[in-house]
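Below you'll find the structure, written out as C-alpha cells, and then a few comments.
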Amino acid sequence: MTPIPLWIAAFRPKTLIASISPVVIGTVVALTQGHFHFAIFLYTLLTGVSIQIATNLANDYFDYVKGADTEARKGPARLTQSGAVSLTSIKIGVLISFIIPAFTGSYLIMVGGLPIALLLGLALLMAYAYTAGPFPLAYLGLGDIFVLIFFGPVAVCATTYLQTGAFSWQAALIGFAAGCISCAILVINNLRDIDEDRAASKKTLIVRYGSRFGQLEYTAAVVVPALIPLAFPRPFAWLTLLCLLPALTLIHELKSVETPDGYAPLFAKTGQYFALYTLVFAFSWML
Numbered sequence: 057m058t059p060i061p062l063w064i065a066a067f068r069p070k071t072l073i074a075s076i077s078p079v080v081i082g083t084v085v086a087l088t089q090g091h092f093h094f095a096i097f098l099y100t101l102l103t104g105v106s107i108q109i110a111t112n113l114a115n116d117y118f119d120y121v122k123g124a125d126t127e128a129r130k131g132p133a134r135l136t137q138s139g140a141v142s143l144t145s146i147k148i149g150v151l152i153s154f155i156i157p158a159f160t161g162s163y164l165i166m167v168g169g170l171p172i173a174l175l176l177g178l179a180l181l182m183a184y185a186y187t188a189g190p191f192p193l194a195y196l197g198l199g200d201i202f203v204l205i206f207f208g209p210v211a212v213c214a215t216t217y218l219q220t221g222a223f224s225w226q227a228a229l230i231g232f233a234a235g236c237i238s239c240a241i242l243v244i245n246n247l248r249d250i251d252e253d254r255a256a257s258k259k260t261l262i263v264r265y266g267s268r269f270g271q272l273e274y275t276a277a278v279v280v281p282a283l284i285p286l287a288f289p290r291p292f293a294w295l296t297l298l299c300l301l302p303a304l305t306l307i308h309e310l311k312s313v314e315t316p317d318g319y320a321p322l323f324a325k326t327g328q329y330f331a332l333y334t335l336v337f338a339f340s341w342m343l
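Once you know that position 172 of the sequence shown is 228 in my numbering, the rest is easy, because the numbers rise by one and skip nothing.
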C-alpha cells in the first residue's frame, strides 16, 4: 500500500462517526431551542473530527513505539507497522494533526470564550495522553472512560453551548448516548487486539476482565442509548427504541465471532448503527 492510502487509513474513517454524531446531536438540541448558526456548526464539526484524527494518529505512533503494534497485529496495516512511512514523517504528521484542531478551535474560542478554551485545551491534552506521556490512559484501562466522556457529554454539551450560549443538562444526559456508542467501537477494537495488548502490557478493560466482559460492555453500549431519550418528556422520544432491533443483531453477531479477523465487519456495522441512531434521535427530537 502506498503512503497516501496508509495515511487515510490511519485516520480510521470508519470510526469518525464518533466525532460527527455528537456534534449533530448537540446541534439538534440547540435547534429545538431556537438556535442554529451554520458557521459554528461547521467549525465545531471540523474541530471534533480533527481531534479524533489527532488521537488516532498519536495512538498509531505511540502504540508502535511502546511495542503494542507488531507484525502479529490483526486488522488493517498501520502507518508505523507498514514501514512505508518513516517515523520522523509520522511524528510530523502527528504534530500537524494537533495544530489543525487548535487552529479551527480558535474560532470556537472567540464564540464561546474561556469555557470553550479550557475544554479545547483539555480535549487536546487527553487526545495526546490517550497513548502517550507517563500515564497513558489506554494502557491503564481508562480509555473507555475517556471515550465515554469526551465523545459523549463533553462534545454534545460544548456543541449546544456554542450554539445557545448556555450549558444544558439535557445535552449532558443525551451526550452519554453518543459516548456509549463510541465506546462500542472501542470495545470491538480491544476485543480484536486482546492478545497483542496483553503481550504489550496494555491493560485495557478487556485485558483486565476478559472477552466476556467486553461482550457485556458492548451490549450495554448499544442498548442504553436507545433508552436515554425516554427520560425526557418529548412526545416522540420513544422512537429511539426502534434502534434496539439493529442493536440486538449486532450483539448476536459479536457473540458469534470466533477469530480476531471476525471483528472487522463490526467496525463498519457499529459505525452504521451510530449513524442510524443519530438520525432517529434527530427526527424524534425535532417532532
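In this text, a Cβ means the ideal position worked out from N, Cα and C, and glycines have one as well.
{"Item": "For Tyr-329, three-class secondary structure by DSSP", "Value": "helix"}
{"Item": "Residue from Lys-258, Lys-325, Ala-338 with nearest C-alpha to Pro-48", "Value": "Coverage of the chain is limited to positions 57 through 343, which leaves residue 48 absent and any answer about it impossible."}
{"Item": "Straight-line gap, Pro-289 to Ser-340 (C-alpha atoms, nearest Å)", "Value": "12 angstroms"}
{"Item": "Cβ neighbour criterion (16 or more within 10 Å) applied to Ala-95", "Value": "exposed"}
{"Item": "Cβ distance (whole Å) where Ala-359 is taken to contact Gly-208 below 8 angstroms", "Value": "No information on residue 359 is available, as it lies outside the stretch 57 to 343 that the chain covers here."}
{"Item": "Residues near Leu-175 by beta carbon distance below 6 angstroms, same chain, minus five either side", "Value": "Ala-214"}
{"Item": "Buried versus exposed, by CB contacts within 10 Å (16 or more), Glu-252", "Value": "buried"}
{"Item": "Reduced DSSP category for Ile-108 - H, G, I as helix; E, B as strand; rest coil", "Value": "First, the amino acid is wrong: residue 108 is Gln here, not Ile. Gln-108: helix per DSSP, three-state reduction."}
{"Item": "Per-residue DSSP class, three states only, for Gln-89", "Value": "coil"}
{"Item": "Length of the line joining the Cα atoms of Leu-229 and His-93", "Value": "23 angstroms"}
{"Item": "Same chain, Cβ closer than 6 angstroms to Glu-273, five either side skipped, listed in chain order", "Value": "Val-243"}
{"Item": "Ser-224 in three-state terms, based on DSSP", "Value": "coil"}
{"Item": "Closest by C-alpha distance to Ile-153, when choosing among Phe-118, Met-182, Gln-108", "Value": "This sequence places Ser at residue 153; Ile is not what is there. Among Phe-118, Met-182, Gln-108, the Cα nearest to that of Ser-153 is on Gln-108."}
{"Item": "Helix, strand or coil at Ala-282 according to DSSP, with G and I counted as helix", "Value": "helix"}
{"Item": "Buried versus exposed call for Ser-267 [16 or more other C-beta atoms within 10 Å across all chains shown]", "Value": "exposed"}
{"Item": "Rounded Cβ spacing between Tyr-117 and Lys-147 (contact assumed at less than 8 angstroms)", "Value": "7 angstroms"}
{"Item": "Proximal residues to Lys-311 (C-beta, below 8 angstroms), its chain only, five neighbours per side dropped", "Value": "Gln-271"}
{"Item": "Whole-number beta carbon distance between Ile-73 and Ala-331, since they are thought to touch under 8 angstroms", "Value": "6 angstroms"}
{"Item": "Best match in Leu-295, Arg-264, Gly-169, Gln-89 for proximity to Gly-199 [C-alpha to C-alpha]", "Value": "Arg-264"}
{"Item": "Close Cβ partners of Ala-86 (< 6 angstroms) along its chain, the five nearest in sequence each way excluded", "Value": "Thr-216, Gln-219, Thr-220"}
{"Item": "Burial state of Leu-170 (16 or more Cβ within 10 Å)", "Value": "exposed"}
{"Item": "Same chain only: Cβ atoms within 7 angstroms of Thr-334, ignoring 5 sequence neighbours per side", "Value": "Ser-77, Val-80, Ile-81"}
{"Item": "Residues near Thr-275 by beta carbon distance below 7 angstroms, same chain, minus five either side", "Value": "Ile-307"}
{"Item": "Pair within 9 angstroms by beta-carbon distance, Lys-259 and Tyr-186", "Value": "no"}
{"Item": "Whole-angstrom C-beta distance between Leu-301 and Val-279, which should lie under 8 angstroms", "Value": "Rounded, the Cβ-Cβ distance is 11 angstroms, inconsistent with contact."}
{"Item": "Glu-314 and Leu-322 closer than 9 angstroms at C-beta", "Value": "no"}
{"Item": "Collapsed DSSP secondary structure at Tyr-195 in the structure displayed", "Value": "helix"}
{"Item": "Host alpha helix (DSSP H) of Phe-292 (start-end)", "Value": "Looking at the DSSP string, Phe-292 is not in any alpha helix (DSSP H), and its letter there is neither H nor E."}
{"Item": "Chain-order list of residues whose beta-carbon lies under 7 angstroms from that of Val-167 (same chain, five-residue window excluded)", "Value": "Ile-96, Leu-218"}
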